[in-house]
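Numbering (the working numbering), first residue to last: 617 to 898. Every residue gets a Cβ at the ideal spot worked out from N, C-alpha and C, and that includes glycine. Here's the structure, in structure tokens; my notes come after.
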């Protein structure tokens, strides 16, 4: 009898254990009876069910984050973009959610499809510059609204959809970077050419100013020299008028100095006027 009693006791314990379930604060529970919906439990606590005949499915009340697979889209200006996005959502109708997508994994898969479709549609109406600048926030807000509208029928509420990264496909990126590099090199070459041209202009202008300054200095020199010669002539003329013999003597001395310093041999007669003062000095 004891083995039978132990078996019966074990069965009772198993049935008792399987007839009790708990729901915590972050969960909503669906009670199914032979796979048919019976009731929804929103409040946390301890509950009972009929073992084997009934089962419980749990769904979280917490915010869920879905990291979508990167998808390729074509913008309005025919540029290919690889969009890496994520969404934040929660289950608002557990029964509808269970009846349509069955589980969180099914919900994530359905959201992936909806978001990819909306990204292609919406980004296809905008140029690349809009997607990679501040306009992107407005674009993604519109995407989130449309995704939420389509998700309601699955018992899902989408709070937000955001782009983590928007990259060009590798082959396109390489082509664009190559064009950008070529353009930068062209601009740099133009700047260098303009710099050389400007340097040539500056040198030419400097040479011109130097020539002008030298000419001006020579002009001033000639003016000063002419002025000095004029004054010298006046002085000599004044001396001539005052003492003609002394003037004649000084002019002869200057002539002697100029002639004898030149190293030139001069043949003159003893009676030459040029030697007048030398003959007198004997």
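task = Could you tell me the boundaries of the alpha helix (DSSP H) in which residue 744 lies?
result = 744 to 747
First and last residue of the uninterrupted beta strand (DSSP E) at residue 764 = Element bounds for residue 764: not the beta strand (DSSP E) but the alpha helix (DSSP H), 751 to 767.
message = So, for residue 693: in the same chain, excluding its five sequence neighbours on each side, which residues have a beta-carbon less than 7 Å away from its beta-carbon?
response = 743 and 744
request  = Give the DSSP-derived three-state secondary structure of residue 642 in the structure shown.
outcome  = coil
task = Report the three-state DSSP secondary structure of residue 669 (helix, strand or coil).
result = coil
inquiry  = Using a 10 Å radius around the Cβ and a threshold of 16 neighbouring Cβ atoms, would you call residue 760 buried or exposed?
reply    = buried
task = Can you tell me which of 752, 683, 747 and 749 puts its alpha carbon nearest to the alpha carbon of residue 729?
result = With distances taken between Cα atoms, residue 729 lies closest to 683.
inquiry  = I need the straight-line Cα distance from residue 772 to residue 620, nearest angstrom please.
reply    = 51 Å
inquiry  = Measuring alpha carbon to alpha carbon, tell me which residue in 775, 746 and 823 is nearest residue 703.
reply    = 775
query = Taking C-beta to C-beta, are residue 935 and residue 638 nearer than 9 Å?
reply = As shown, the chain starts at 617 and ends at 898. That puts residue 935 outside it, with no answer to give.
request  = Answer yes or no: do residue 783 and residue 700 have a C-beta to C-beta separation smaller than 9 Å?
outcome  = yes
Secondary structure of residue 733, DSSP reduced to three states = helix
query = How about residue 777 and residue 739: are their beta carbons less than 9 Å apart?
reply = no
request  = Provide the residue(s) that pair with residue 782 in DSSP beta bridges, ordered along the chain.
outcome  = 699
message = Please state the DSSP three-state secondary structure of residue 649.
response = strand
query = So residue 687 is in the beta strand (DSSP E); what residue range does that whole segment cover?
reply = 687 to 690
query = By Cβ distance below 7 Å, which residues in the same chain neighbour residue 642 in space, the five residues on each side in sequence not counted?
reply = 676, 677 and 678
query = Taking the beta strand (DSSP E) that residue 680 falls in, what are its first and last residues?
reply = 680 to 683
query = If you draw a straight line from the alpha carbon of residue 707 to that of residue 799, how long is it in whole angstroms?
reply = 52 Å
inquiry  = Within 10 Å of its beta-carbon, does residue 691 have 16 or more other beta-carbons around it, so buried, or fewer, so exposed?
reply    = buried
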